[in-house]
Amino acid sequence: MMLHIPNVLTPEQVRAMRAAIDAADWVDGRATVGAQGARVKHNRQLPENSPVALEQGRLIQQALSAHPLYFAAALPLRAVPPLFNRYAGGETYGLHVDGAMRPLPHGAALRTDLSCTLFLCEPEDYEGGELVVVDTYGAHEVKLPAGDLILYPSTSLHRVEPVTRGERVCSFFWVQSMVRDDARRAMLFELDQTIQKLRGRLGETEETVTLTGQYHNLLRMWSEV
Ligand code: NI
3 MMLHIPNVLT PEQVRAMRAA IDAADWVDGR ATVGAQGARV KHNRQLPENS PVALEQGRLI
63 QQALSAHPLY FAAALPLRAV PPLFNRYAGG ETYGLHVDGA MRPLPHGAAL RTDLSCTLFL
123 CEPEDYEGGE LVVVDTYGAH EVKLPAGDLI LYPSTSLHRV EPVTRGERVC SFFWVQSMVR
183 DDARRAMLFE LDQTIQKLRG RLGETEETVT LTGQYHNLLR MWSEV
């Protein structure tokens with residue numbers, strides 16, 4: 003399931019974040035990929051241990067923890083500290099797949115179930131730079147307003163088109179979900195959203211309570227924590 007999650011950050015939060023990260027020192031993006039990615043990756047990133055990246059990443063995680071749509075869709079168990087990248091002057095990231103495991107601080111590791119890109123620039127600020135995600139339904143092009151996030155399965159192949167004008171600045175990170183299987187997670191999300199709509203239309207009824215119980219029983223059956 004691919005999902006657009008709007009308004010993760012407010013325009014003021016994006017402005018403050020851009021001021022902080024734009025002033026930091028950027029390095030070659032190949033620092034964080036394996037051999038396959040390194041051949042096709044041409045961009046810049048903030049170093050993973052950069053104090054600015056860590057601080058701004060915490061603000062993103064804080065915003066996400068208060069976002070009910072993100073929680074319902076990702077059912078996050080843990081996430082890596084958000085990273086930051088930028089593309090300009092024809093920089094691009096060719097077709098690749100994200101590695102299955104990512105190291106976490108303090109020696110632990112995370113299985114990448116979901117990949118997230120949070121846009122920190124407006125679509126009109128740059129030409130090209132679309133995130134293209136390829137799945138069994140074809141290729142999907144994504145270019146979102148500043149402050150919005152796209153969530154997609156880490157199992158997909160994807161690329162970032164060359165940025166031919168202006169600059170594309172984003173944050174990106176991976177999530178290990180409580181529900182590993184994308185199809186099951188998508189079913190839970192649809193059930194959750196439908197229950198909420200019913201509750202909005204009818205108020206709390208015996209039926210919405212029963213359906214909520216079924217949601218939690220499925221989550222209990224399928225989750226690994
Ligand atoms: Ni990737």
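Going by my numbering, the first residue of the sequence shown is number 3, and it counts up by one from there.
Each residue gets a CB set at the ideal place from its N, CA and C atoms; glycine is no exception.
Being a predicted model, the structure only gives us computed values, none of them experimental.
The ligand NI heavy atom lying under 6 Å from the CB of residue i
i           : result
residue 30  : no
residue 150 : no
residue 194 : no
residue 100 : yes
Endpoints, alpha helix (DSSP H) assigned at residue i
i          : result
residue 42 : 37-42
Environment of residue i [buried if 16+ CB atoms lie within 10 Å]
i           : result
residue 155 : buried
residue 195 : exposed
residue 215 : exposed
residue 93  : buried
Span of the beta strand (DSSP E), counted from its first residue to its last, around residue i
i           : result
residue 144 : 140-144
residue 105 : 103-105
residue 11  : Here residue 11 belongs to no beta strand (DSSP E), and DSSP marks it neither H nor E.
residue 96  : 94-98
Residue i to residue j span [Cα, whole Å]
i           : j           : result
residue 198 : residue 192 : 10 Å
residue 211 : residue 82  : 35 Å
residue 125 : residue 21  : 18 Å
residue 137 : residue 98  : 13 Å
residue 7   : residue 77  : 14 Å
What runs of the beta strand (DSSP E), each 3 residues or longer, lie entirely inside the stretch 48-87?
78-81
Whole runs of the alpha helix (DSSP H) within the stretch 153-216, excluding any shorter than 4 residues:
184-204
For the stretch 107-138, which segments carrying the beta strand (DSSP E) assignment without a break, of at least 3 residues, lie completely within its bounds, in sequence order?
111-113, 116-121, 128-130, 133-137
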